[in-house]
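Colleague: In the numbering used here, the protein residues as written are 278 to 659.
In this text, a Cβ means the ideal position worked out from N, Cα and C, and glycines have one as well.
Since this is a predicted model, take the numbers as computed values, not measurements.
(1) Near residue 518, which residues of its chain fall below 6 Å by C-beta distance, leaving aside the five closest residues on each side in sequence?
(2) Under the rule that 16 or more other beta-carbon atoms within 10 Å means buried, what is residue 516, buried or exposed?
(3) So is residue 653 buried or exposed if we call it buried at 16+ other beta carbons inside 10 Å?
(4) Out of 597, 332, 546, which one is the CA nearest neighbour of residue 318?
(5) Taking only runs that begin and end inside the segment 314-375, name each unbroken beta strand (DSSP E) of 3 or more residues, in chain order.
(6) Nearest-angstrom Cα distance between residue 371 and residue 391?
(7) Taking a contact to mean a Cβ-Cβ separation below 8 Å, would you say residue 612 touches residue 601 in this structure?
(8) Please classify residue 364 as buried or exposed, where buried requires at least 16 other C-beta atoms within 10 Å of its C-beta.
(9) For residue 414 versus residue 649, is the C-beta distance shorter than 8 Å?
(10) Report all residues from its chain with a CB closer than 6 Å to the CB of residue 588; omit the five preceding and five following residues, and keep chain order.
(11) Closer than 8 Å is the cut-off here; do at least three beta carbon pairs connect the segment 454-461 with the segment 408-424?
(12) Grab the span of the alpha helix (DSSP H) containing residue 477 for me, first residue to last.
(13) For residue 595, is the classification buried or exposed, using 16 other Cβ atoms within 10 angstroms of its Cβ as the cut-off for buried?
(14) Taking the continuous beta strand (DSSP E) assigned at residue 380, which residues delimit it?
(15) Taking 8 Å as the threshold, find out whether the segment 639-648 comes into contact with the segment 333-349 through three or more Cβ pairs.
(16) Using the three-state DSSP reduction, which class does residue 387 fall into: helix, strand or coil?
(17) Go ahead and pull the three-state DSSP assignment for residue 498.
(18) Taking one C-beta from the segment 521-529 and one from the segment 551-562 each time, how about it: are there three or more such pairs within less than 8 Å?
(19) Look at residue 506 and residue 531 and say whether their C-beta atoms are less than 8 Å apart.
(20) May I have the straight-line CA-CA distance separating residue 327 from residue 537, to the nearest angstrom?
(21) Could you check what DSSP says for residue 511 in three-state terms: helix, strand or coil?
(22) Between the Cα of residue 377 and those of 342, 324, 366, 437, spot the shortest distance and give me the residue it belongs to.
(23) With DSSP run on the structure shown, which of helix, strand or coil describes residue 552?
(24) Using 8 Å for Cβ pairs, my map puts residue 591 next to residue 348. What's the rounded Cβ distance?
(25) Measuring only the C-alpha atoms, how far is residue 606 from residue 644?
(26) Alpha carbon to alpha carbon, how far is residue 314 from residue 302? Give it in angstroms, no decimals.
(27) Nearest CA to the CA of residue 559: which residue from 533, 583, 581?
(28) Which residues in the same chain have their Cβ closer than 7 Å to the Cβ of residue 329, if we skip the five residues on either side of it in sequence?
(29) Mapping the DSSP letters down to three states, classify residue 735 as helix, strand or coil.
(30) Are residue 401 and residue 358 closer than 8 Å when you measure CB to CB?
(31) Assign residue 408 to buried or exposed, taking buried as 16 or more other Cβ atoms, counted over all protein chains shown, within 10 Å of its Cβ.
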């Protein structure tokens, strides 16, 4: 009987050998925090927590499958997946469904949002390209990489979907940077960005007037930025989200009001409280201490992901794991920044916290790919 137990235990260990234990533990803890917060944010909507639990089970199953696929196999899907994703984006531009002024979906028997595919397909494609050029990367390869990145980002921004475009751009750009793009080339862009932000803040009274048109931007995007600078200019419109979220975060204080005791959330002052603004619900109920714990979990996830990337067995694995890890940083930074009132509201979910099957599946896909890179290194060492 004892032998049977040991054999069963060994089979169980082999089944989950692809999981990177520290990374899986961090993700599990974030999901636990997310479910606890979602329960509070969804007291008035029965069934939402159960739906999210089903999404989590499916996500872990997807992570398990991907973690056991060798990166060499994943490389074979890079070009087809990227090509398929871009083709769907073009189809969306031509035949897509329009909802709330945005054309982001297409009906292929079921209604899908193809831009989600590109969150994974773009860094996968770029990592494949630079793996093929390993040892012979020249300056024009970075231009090629930027062109590969510009196609999906441009199509997604045109829908318009600025939040997803930012996430796809970040994931792809980090591949190009980790492939060897000189930081000296990035500094002028950063300086220009700082100058632009300073100019907008300085002259907001003039450039935020209704008759002033901003080049390359839609009116609603201009309005979001102007409202960010002065939320009180539209307190019952675009500024309402930011004002109520900041009130909720501030009212939490050091220790929070306690679970299920957040007044801003339960009195329906916080919009989209179960998705984009779930951090406001969490901060109101768990306070500054809870926020620091949550940030620590995200930092641990990023640190573990970068450790796996740094020790990847191939250039493809290192680039893929590094870019996907930094994409998680972008998710968390943009979401917490917009909820806190320091970034425009662009509709980016908080990783493993926000409700939604599509976003959770995409995040699980990314974690599975990172675990695949870690598993390859362990197999080479054993």
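Modeller: The short version:
(1) Taking the first residue of the chain shown as position 1, residue 518 is located at position 241. Cβ within range, chain order: 548, 622.
(2) Start at 1 with the first residue of the chain shown, and residue 516 comes out as number 239. Looking at its Cβ environment, which holds 16 or more other Cβ atoms inside 10 Å, residue 516 is buried.
(3) Indexing the chain shown from 1 puts residue 653 at position 376. Per the 10 Å Cβ criterion, buried.
(4) Looking up residue 318 in the chain shown gives position 41. Here the closest residue by C-alpha is 546.
(5) Listed in chain order, there is nothing to give.
(6) In the chain shown, the residue the question calls residue 371 occupies position 94. In the chain shown, the residue the question calls residue 391 occupies position 114. Between residue 371 and residue 391, the C-alpha separation is close to 13 Å.
(7) Taking the first residue of the chain shown as 1, we reach residue 612 at position 335. Taking the first residue of the chain shown as 1, we reach residue 601 at position 324. Not closer than 8 Å, so no.
(8) Here the question's residue 364 lines up with position 87 in the chain shown. With a 10 Å radius around the Cβ and a threshold of 16 neighbouring Cβ atoms, residue 364 comes out exposed.
(9) Here residue 414 refers to the residue found at position 137 when the chain shown is read from its first residue. Here residue 649 refers to the residue found at position 372 when the chain shown is read from its first residue. The Cβ atoms of residue 414 and residue 649 do not sit closer than 8 Å to each other.
(10) The count along the chain shown starts at 1 and reaches residue 588 at position 311. Close CB contacts of residue 588 within its chain, under the 6 Å cut and outside five residues either way in sequence, are with 654 (chain order).
(11) Contact between the segment 454-461 and the segment 408-424 is established, with three or more Cβ pairs separated by less than 8 Å.
(12) Numbered from 1 along the chain shown, position 200 holds the residue referred to as residue 477. Its alpha helix (DSSP H) spans residues 460-479.
(13) Within the chain shown, numbered from 1, the residue matching residue 595 stands at position 318. Buried, because 16 or more other Cβ atoms sit within 10 Å of the Cβ of residue 595.
(14) One-based indexing of the chain shown puts residue 380 at position 103. First-last of the beta strand (DSSP E) with residue 380: 379-384.
(15) Yes, the segment 639-648 is in contact with the segment 333-349.
(16) Here residue 387 refers to the residue found at position 110 of the chain shown. It is coil, neither helix nor strand.
(17) Position 221 of the chain shown, counted from the start, is the residue given in the question as residue 498. In the displayed model, residue 498 falls within a helix according to three-state DSSP.
(18) Verdict: yes, contact present.
(19) What you label residue 506 is simply residue 229 of the chain shown in a count that begins at 1. What you label residue 531 is simply residue 254 of the chain shown in a count that begins at 1. Cβ atoms of residue 506 and residue 531: not closer than 8 Å.
(20) Sequence index remark: in the chain shown, residue 327 carries index 50 (1-based). Sequence index remark: in the chain shown, residue 537 carries index 260 (1-based). Each residue's alpha carbon lies about 18 Å from the other.
(21) Along the chain shown, one-based indexing puts residue 511 at 234. In the structure shown, residue 511 falls within a coil segment according to DSSP collapsed to helix, strand and coil.
(22) What you label residue 377 is simply residue 100 of the chain shown in a count that begins at 1. When each option's Cα is compared against that of residue 377, the closest is 437.
(23) Stepping through the chain shown from its first residue, residue 552 is reached at position 275. Coil at residue 552, not helix or strand.
(24) One-based indexing of the chain shown puts residue 591 at position 314. One-based indexing of the chain shown puts residue 348 at position 71. Indeed they touch by this definition, with Cβ atoms about 6 Å apart.
(25) Taking the chain shown and counting its residues from 1, the one referred to as residue 606 is at position 329. Taking the chain shown and counting its residues from 1, the one referred to as residue 644 is at position 367. Spanning the two alpha carbons is a distance of roughly 13 Å.
(26) Here residue 302 is taken as the residue at index 25 of the chain shown, counted from 1. Here residue 314 is taken as the residue at index 37 of the chain shown, counted from 1. Approximately 18 Å, taken between the alpha carbons.
(27) One-based indexing of the chain shown puts residue 559 at position 282. It is 533 whose Cα lies nearest to the Cα of residue 559.
(28) Within the chain shown, residue 329 is the residue found at index 52, counting from 1. Same-chain partners within the cutoff: 312, 315, 632.
(29) For the chain, the structure presents residues 278 to 659; residue 735 sits outside this window and is missing.
(30) Residue 401 sits at position 124 when you count from the first residue of the chain shown. Residue 358 sits at position 81 when you count from the first residue of the chain shown. Contact: yes.
(31) What you label residue 408 is simply residue 131 of the chain shown in a count that begins at 1. Per the 10 Å Cβ criterion, buried.
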